[in-house]
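Quick note: the sequence shown, position 306, residue 306 per the UniProt record's numbering, numbers continuous. We put the beta carbon where it would ideally sit given N, CA and C, even for glycine. Here the structure is a predicted model, which means the values were calculated and not measured. These notes concern the structure reproduced below.
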Amino acid sequence: MESFEYNANPGRVVFGGGSLQKLPAEVSRLNLSAPLLLSTPQQAEQAGQLKTILNGNIAGLFTEATMHTPTYITEKALEYAKAQKADSVVSIGGGSTIGLGKAISIRTGLPHICIPTTYAGSEMTSILGETKDGRKTTRSDPKILPATVIYDVDLTMTLPTGLSATSGVNAIAHAVESLYARNTNPVINLLALEGIRALASSLPTLITSPTSPTARSSAFYGAWLCASCLGSVGMALHHKLCHTLGGSFNLPHADTHTIVLPHAIAYNAPAIPDVMKKLSEVLPESDGNAIKGLNVLLEKLGAKRGLREFGMKEEDVDKAAEIALSNPYWNPRPVEKGPIREVIRRAWAGEEAR
Ligand code: NAD
C-alpha cells in the first residue's frame with residue numbers, strides 16, 4: 001500500500017427520517033438558546049417548521065438566502081442576527097442557504113447547525129464560496145465547517161426530480177475526483193465508492209418514484225459520503241471547470257456538474273486506469289467502462305447534456321478554455337490548451353464524452 005495522510009474532520013452527523021425532531025436536543029447539546037433560522041424564500045415553510053419544532057425559541061427567521069451567496073445578503077442577515085441577539089445559525093436548504101450560514105458563522109463565530117435538503121454537499125466542507133460585485137471567490141478555513149449536520153430524509157421528498165438528479169450527479173462528481181485527488185487515501189476511497197454506488201443505484205428510481213423512502217434514504221446516505229470526500233481531499237479538473245463555467249457564464253451549479261462530469265473523466269482516463277476500473281465496478285451497466293456507465297446513468301435521469309441549453313454561447317468556449325488555463329492547478333493529466341478546449345466544446349455542444 002502507498003503511504004498516505006488522513007485528516008478526519010470534526011463535526012457531528014445525525015441521519016434518518018424524522019431526525020428534524022432532534023433539533024431542540026442538538027441546540028441544547030451545544031448550549032445554545034437563540035438560533036437564527038435561515039432559508040431561501042422557496043423554503044420559508046420548512047424554516048417555519050423548524051420554529052414550531054423549537055417551540056418558538058428562536059432569535060428570528062431570515063428567508064432571503066440567494067444563489068451564489070452574495071455578500072449584500074450576508075450583510076443584511078448579519079445586521080438582523082445582531083439586532084435579534086442570535087447565538088447561533090441554523091440553515092435549512094441547499095448549498096445556497098448553507099453558504100449563507102457559513103458566511104455568517106465565519107464572520108461572527110456563531111455555531112452553525114446545518115440541515116441540508118439537496119445532495120450538493122456543502123454541509124461537510126470547510127469551504128465557502130461568495131459573490132461580490134458579480135465575482136465569485138472561494139475560501140477555506142476549518143472554522144467554516146458546520147458544528148452539527150442533521151440529514152432528515154423526509155425533507156428531500158419535495159426536491160424536484162430534475163434537481164434530485166443533477167444534485168445527485170453533483171455529489172457523485174465529488175467522490176469521483178476524490179478517487180484521484182493528489183492527497184487521496186484508503187478511507188476516502190471507501191467512502192467515495194460506497195457513495196457513488198448508493199447514488200447511482202437510487203437516482204434512477206427517484207425519477208419514477210420521487211417519494212420512494214428507500215431510494216431517498218440511499219441517495220441522501222450516498223450524498224453524505226460524497227460530501228465527506230469533498231470536505232477531505234482536493235478536487236481537480238472537473239471542479240475547476242465547473243467553477244469557471246458557473247462563475248463566468250452564470251450557469252446553474254448542479255446542471256453544469258452533470259454535463260461536464262463524463263467529459264472531465266474522459267479527459268483524465270488515460271492517467272487513471274485503476275480509478276476507471278474501480279468506478280466501472282460501482283456504476284451499473286458499465287460493462288467495465290466507467291464512461292459508458294455514467295452515460296447510461298445520465299440517460300436514465302433524462303439529464304440535459306449541453307451547456308448551450310443553458311444559454312452559453314459558442315464564442316464563450318474559447319474564453320472558458322483561457323480562464324481554465326490561466327489558473328494552474330493539480331490534475332492527474334496535465335491540462336493542455338487544445339484538448340481542454342475540446343472538452344469544453346463537447347460539453348457545450350452536448351456531444352457524448354469519449
Ligand atoms: P440551491 O441551494 O441553490 O437550491 C436550489 C433551489 O432548490 C432553491 O430554491 C432551494 O430553496 C430549493 N430547494 C432545495 N432543497 C429543496 C427541497 N428539498 N425541496 C424543495 N426545494 C428545495 O442548490 P444546491 O445545488 O444545493 O447548491 C448550489 C450552491 O451551493 C452553489 O452556489 C454552490 O457553489 C454551492 N456549493 C458549495 C459547496 C461548498 O463546499 N462550499 C459544495 C457544494 C455546493
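With a beta-carbon spacing of about 4 Å, GLY195 and CYS226 fall inside the 8 Å limit used to define contacts. In this structure, the alpha-carbon of PHE249 lies about 26 Å from that of ILE291.
Classified as exposed, MET1 has fewer than 16 neighbouring CB atoms from the shown chains inside 10 Å of its CB.
Counting C-beta pairs with one atom in each stretch, the stretch 255 to 267 and the stretch 285 to 301 have three or more that are closer than 8 Å, which means they touch.
Within the DSSP bridge table, the entry for GLY129 names THR138 as partners. The residues TYR329, in chain order, have a CB closer than 6 Å to that of LYS240 in the same chain once the five nearest residues on each side in sequence are set aside.
Taking the CA atoms as reference points, ASN185 sits about 30 Å from LYS136. Scanning its chain for C-beta atoms nearer than 8 Å, with the 5 sequence neighbours on each side dropped, one finds around GLN84 the residues ALA34, LEU36, ALA59 and GLY60, in chain order.
CA-to-CA, the gap between ILE344 and ASN268 works out to about 14 Å. Taking the Cα of THR118 as reference, the smallest distance to any Cα among SER91, ASP141 and ILE106 is reached at SER91. The residue from LYS102, LYS82 and VAL149 with its alpha-carbon nearest to that of PRO10 is VAL149. Closer than 8 Å to some heavy atom of the ligand NAD: that does not describe the Cβ of ASN289. Note that the C-beta distance between ALA77 and LEU110 is not below 9 Å. A direct Cα-Cα distance of roughly 10 Å separates LEU199 from ASN170. A distance below 7 Å between beta-carbons, with the five flanking residues on each side excluded, links ALA215 to the following residues of its chain, in chain order: SER202, THR205, LEU206 and SER209.
In its chain, beyond the 5 residues on either side, ALA181, ARG182, ASN183 and TRP330 have a beta carbon closer than 8 Å to the beta carbon of GLY234. Annotated three-state conformation of VAL335 is coil, per DSSP.
Three or more Cβ pairs closer than 8 Å define a contact, and the stretch 337 to 354 falls short of that threshold against the stretch 279 to 286. Of the other Cβ atoms in all chains shown, fewer than 16 fall within 10 Å of the Cβ of LYS313; this residue is therefore exposed.
By alpha-carbon distance to HIS174, the top candidate from THR161, ASP141, THR125 and LEU145 is THR125.
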